[in-house]
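Asks: First, the structure itself, so that you have it in front of you.
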Amino acid sequence: QVQLVESGGGLVQPGGSLRLSCAPSGSIFSIRSMGWYRQASGKERELVAIITSGSITNYANSVKGRFTISRDNAKNAVYLQMNSLKSEDTAVYYCNYETLSVGYWGQGTQVTVSS
1 QVQLVESGGG LVQPGGSLRL SCAPSGSIFS IRSMGWYRQA SGKERELVAI ITSGSITNYA
61 NSVKGRFTIS RDNAKNAVYL QMNSLKSEDT AVYYCNYETL SVGYWGQGTQ VTVSS
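If you count the sequence shown from 1, position 76 lands on 76 in the numbering used here, and the numbers rise without skipping.
If you want it as structure tokens, here you go:
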């Protein structure tokens with residue numbers, strides 16, 4: 001079964017940057033959208049950013065101007081560049097791929113913003 005593999009999380013100081021990556025372990029066809037979600041401790045999972053097959057992007061208001069989502073179609077990979085990180089960005093970040101018939105989720109990568 002194909003899995004999404006994430007990388008790039010870690011501990012960073014406020015104001016710092018991180019780049020998350022996500023790629024499938026095998027082939028996935030007819031991807032409609034790729035996205036990043038996050039779940040902070042005690043809170044519900046929320047959408048952070050999404051990019052469609054036509055490269056239309058959408059961001060949560062809380063990350064606009066600081067985060068950038070991009071994709072590499074050749075690798076079926078999606079990235080999240082996170083700049084000017086704040087303590088409230090601390091969460092487990094999950095990538096998500098939606099196809100015509102099924103959705104895939106990564107295992108999650110921890111991002112901790114702390115001094």
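Backbone N, C-alpha and C define an ideal beta-carbon position, used for all residues, glycine too.
#1: According to DSSP, what are the bridge partners of residue 14?
#2: Short of 8 Å in beta carbon distance, which residues of its chain neighbour residue 28, apart from the five on each side in sequence? Order them along the chain.
#3: In this structure, how does DSSP classify residue 98 when only helix, strand and coil are distinguished?
#4: Is the beta carbon of residue 109 sitting closer than 8 Å to the one on residue 47?
#5: Output the distance between the C-alpha atoms of residue 45 and residue 35, rounded to the nearest integer angstrom.
#6: Let me make sure I understand the geometry here. Which of 38, 8, 80 has the alpha-carbon closest to that of residue 94?
#7: Can you give me the start and stop residues for the beta strand (DSSP E) that residue 77 sits inside?
#8: Quick check on this structure: which residue in 7, 85, 114 has the alpha carbon closest to the alpha carbon of residue 62?
#9: Give a single yes or no on whether residue 109 has its beta carbon closer than 7 Å to a heavy atom of the ligand FMN.
#10: Tell me whether residue 74 is buried or exposed, calling it buried when 16 or more other Cβ atoms sit within 10 Å of its Cβ.
Replies: Taking the geometry as given:
#1: Residue 14 is not bridged to any residue.
#2: 2, 76, 97, 99, 104
#3: strand
#4: no
#5: 13 Å
#6: 38
#7: 77-82
#8: 85
#9: Summarising the ligand content, the structure contains no ligands, and the ligand FMN is consequently not present.
#10: exposed
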